[in-house]
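Enquirer: Chains as they are written, first to last, in our numbering: chain A, 33 to 151; chain B, 7 to 225.
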Amino acid sequence: EAEPAVGSVPGGACRARRLYVSFREVGWHRWVIAPRGFLANYCQGQCALPAALSGSGGPPALNHAVLRALMHAAAPGAAGLPCCVPARLSPISVLFFDNSDNVVLRHYEDMVVDECGCR
Amino acid sequence: PASPGPAAALLQALGLREAPRGAPTLRPVPPVMWHLFRRRDPQEARVSPRRTPPGAALRPCHVEELGVAGNIVRHVLDRGASSRPPQPASAAGQCPEWTVVFDLSAVEAAERPSRARLELRFAAAGPAGGWELSVARAAEGAGPGPVLLRQAVPALGTPVRAELLGTAWARNASAPRSLRLSLALRPQVPATCARLAEASLLLVTLDPRLCHPLARPRR
Chain A
33 EAEPAVGSVP
43 GGACRARRLY
53 VSFREVGWHR
63 WVIAPRGFLA
73 NYCQGQCALP
83 AALSGSGGPP
93 ALNHAVLRAL
103 MHAAAPGAAG
113 LPCCVPARLS
123 PISVLFFDNS
133 DNVVLRHYED
143 MVVDECGCR
Chain B
7 PASPGPAAAL
17 LQALGLREAP
27 RGAPTLRPVP
37 PVMWHLFRRR
47 DPQEARVSPR
57 RTPPGAALRP
67 CHVEELGVAG
77 NIVRHVLDRG
87 ASSRPPQPAS
97 AAGQCPEWTV
107 VFDLSAVEAA
117 ERPSRARLEL
127 RFAAAGPAGG
137 WELSVARAAE
147 GAGPGPVLLR
157 QAVPALGTPV
167 RAELLGTAWA
177 RNASAPRSLR
187 LSLALRPQVP
197 ATCARLAEAS
207 LLLVTLDPRL
217 CHPLARPRR
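(1) Whole angstroms is fine: what's the gap from G76 of chain B's alpha carbon to D213 of chain B's?
(2) Taking the alpha helix (DSSP H) that V135 of chain A falls in, what are its first and last residues?
(3) Tell me, which residues are paired with E167 of chain B by DSSP?
(4) Does L16 of chain B have its Cβ less than 8 Å from a Cβ in chain A?
(5) Measure the beta-carbon distance from Y74 of chain A to V144 of chain A and round it to whole angstroms, keeping in mind my assumption that it falls under 8 Å.
(6) Using a 10 Å radius around the Cβ and a threshold of 16 neighbouring Cβ atoms, would you call L16 of chain B buried or exposed?
(7) Any idea if V58 of chain A is buried or exposed, counting beta-carbon neighbours within 10 angstroms, 16 or more meaning buried?
(8) Can you find a CB in chain A that lies within less than 8 Å of the CB of V82 of chain B?
(9) Which of helix, strand or coil does DSSP assign to E114 of chain B?
(10) Just to confirm, are V117 of chain A and R80 of chain B a CB contact at a threshold of 8 Å?
(11) Please name the residue in A:F55, A:D133, A:G77 whose C-alpha comes closest to that of L71 of chain A.
(12) Is the separation between the beta-carbon of A122 of chain B and that of S188 of chain B shorter than 8 Å?
(13) Name the residues in the segment 105-139 of chain B whose C-beta lies less than 7 Å from a C-beta of chain A; which are they?
(14) With 9 Å as the limit, tell me which residues of the segment 118-139 of chain A have their beta carbon closer than that to any beta carbon of chain B; keep them in chain order.
(15) Using CA coordinates, which residue listed in B:R27, B:L126, B:G21 is at the minimum distance from A161 of chain B?
(16) Per DSSP, which one or two residues make a beta bridge with P119 of chain B?
(17) Within 10 Å of its beta-carbon, does T105 of chain B have 16 or more other beta-carbons around it, so buried, or fewer, so exposed?
(18) Determine the direct distance from the alpha carbon of C148 of chain A to that of E71 of chain B, and round the result to whole angstroms.
(19) Does DSSP put E57 of chain A in a helix, a strand or coil?
(20) Which whole-angstrom value is the C-beta distance of A80 of chain A and H104 of chain A, which I expect to be below 8 Å?
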């Protein structure tokens, strides 16, 4: 289930939004033992100023994304706005049966969006 | 096997050779695998933080419980169980030997084994007095090779565990397609022979393509 995006243009500033991935919906539930699904989340939102200024928890920092947002404010046709993308991700582990009937625990990096940022 | 294209790439990303058939029928999930999963699953840990002390960020590509580097843990059942006679014939006075076979074809050549733990469960606790387990490699259709591992076994009531890496399995060797072992359990004092109920292998590997090379154990 995903948090509804507001209208066509993603509403609000760039941030992580809730997205629950159910393995049943992707058809993996017959061989994945656990988890049944997981909170993957996703990034969406505006990267115009001042949202582009908000660093990950620290003080606002001047960086490429801020300059692009500034350029966009000064001359909208010059370059698009920066993108709202994952800034911090975390892993999950999946317990499943492989085709040799082994029970496998496998670690997958970068599966959960914890934080988003403008890049 | 998946047709080339996005499906094959997805399966490869999952570490699977072909699309999984689905849950096998009579294969319960071993408690050790549940335990390792619950310790590893960050979202499970978020749900029940008591399992993971605060701030104890789990190191990626490390299996804390087993104290080794690794991002894949497999519980492999002995293939030889079904073909093993109920109690193999044994020379007079000798306890029987068993051949166990572990199918490791699912392990990719790039994976580096960091732990290979043999686990044996016996049908009955057997008399006190202690036993000696010996492990040898067994080639297909040939007798057992030289004994590679001998281990004292005080009792048979709990699972008997033996570390194979570095003895029956060379430490830097990648996984064979199948591992055949010849096992013998000799009582220290004349006693009835034990009966092997289940043999399994807990194999931890590290895929260097997804993890940093095998980190040297800290001093």
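Every residue gets a Cβ at the ideal spot worked out from N, C-alpha and C, and that includes glycine.
Expert: So, from the data block:
(1) Position 70 of the second sequence, counting from 1, holds the residue named residue 76 of chain B. Position 207 of the second sequence, counting from 1, holds the residue named residue 213 of chain B. Using only the alpha carbons, I get a separation of about 7 Å.
(2) In the first sequence, residue 135 of chain A corresponds to position 103, counting from 1. Note, V135 of chain A: premise wrong, no alpha helix (DSSP H); beta strand (DSSP E) at 135-150.
(3) Numbered from 1 along the second sequence, position 161 holds the residue referred to as residue 167 of chain B. Per the sequence shown, the amino acid found at residue 167 of chain B is Arg instead of Glu. R167 of chain B has B:E125 as its beta-bridge partners, per DSSP.
(4) Here residue 16 of chain B refers to the residue found at position 10 of the second sequence. No - not a single Cβ of chain A is within 8 Å of the one on L16 of chain B.
(5) Numbered from its first residue, the first sequence carries residue 74 of chain A at position 42. Numbered from its first residue, the first sequence carries residue 144 of chain A at position 112. Contact flag wrong, Cβ pair sits at about 10 Å.
(6) Along the second sequence, one-based indexing puts residue 16 of chain B at 10. By the neighbour-count rule (16 or more Cβ atoms within 10 Å), L16 of chain B is not buried but exposed.
(7) The residue you call residue 58 of chain A lines up with position 26 of the first sequence. That one is exposed.
(8) Taking the first residue of the second sequence as position 1, residue 82 of chain B is located at position 76. Closer than 8 Å: yes.
(9) Position 108 of the second sequence, counted from the start, is the residue given in the question as residue 114 of chain B. The three-state secondary structure of E114 of chain B, taken from DSSP, is coil.
(10) Position 85 of the first sequence, counting from 1, holds the residue named residue 117 of chain A. Position 74 of the second sequence, counting from 1, holds the residue named residue 80 of chain B. It is not a contact, given that the beta carbons lie outside the stated cut-off.
(11) Walking along the first sequence from the start, residue 71 of chain A turns up at place 39. Comparing Cα-Cα distances from L71 of chain A to each of A:F55, A:D133, A:G77, the minimum goes to A:F55.
(12) What you label residue 122 of chain B is simply residue 116 of the second sequence in a count that begins at 1. What you label residue 188 of chain B is simply residue 182 of the second sequence in a count that begins at 1. Cβ atoms of A122 of chain B and S188 of chain B: not closer than 8 Å.
(13) D109, S111, A112
(14) S122, P123, I124, S125, V126, L127, F128, F129, D130, N131, S132, D133, N134, V135, V136, L137, R138, H139
(15) Stepping through the second sequence from its first residue, residue 161 of chain B is reached at position 155. The candidate whose alpha carbon is nearest that of A161 of chain B is B:L126.
(16) For the purposes of this step, residue 119 of chain B is taken as residue 113 along the second sequence, with counting starting at 1. DSSP output for P119 of chain B lists B:T211 as bridge partner(s).
(17) For the purposes of this step, residue 105 of chain B is identified with residue 99 of the second sequence, where counting begins at 1. With 16 or more other Cβ atoms within 10 Å, it is buried.
(18) As a first step, residue 71 of chain B must be located in the second sequence, where it is residue number 65. As a first step, residue 148 of chain A must be located in the first sequence, where it is residue number 116. If I take the Cα positions, the gap works out to 32 Å.
(19) Taking the first sequence and counting its residues from 1, the one referred to as residue 57 of chain A is at position 25. Secondary structure at E57 of chain A: coil, using DSSP grouped into helix, strand and coil.
(20) Taking the first sequence and counting its residues from 1, the one referred to as residue 80 of chain A is at position 48. Taking the first sequence and counting its residues from 1, the one referred to as residue 104 of chain A is at position 72. Correct: roughly 7 Å between the Cβ atoms.
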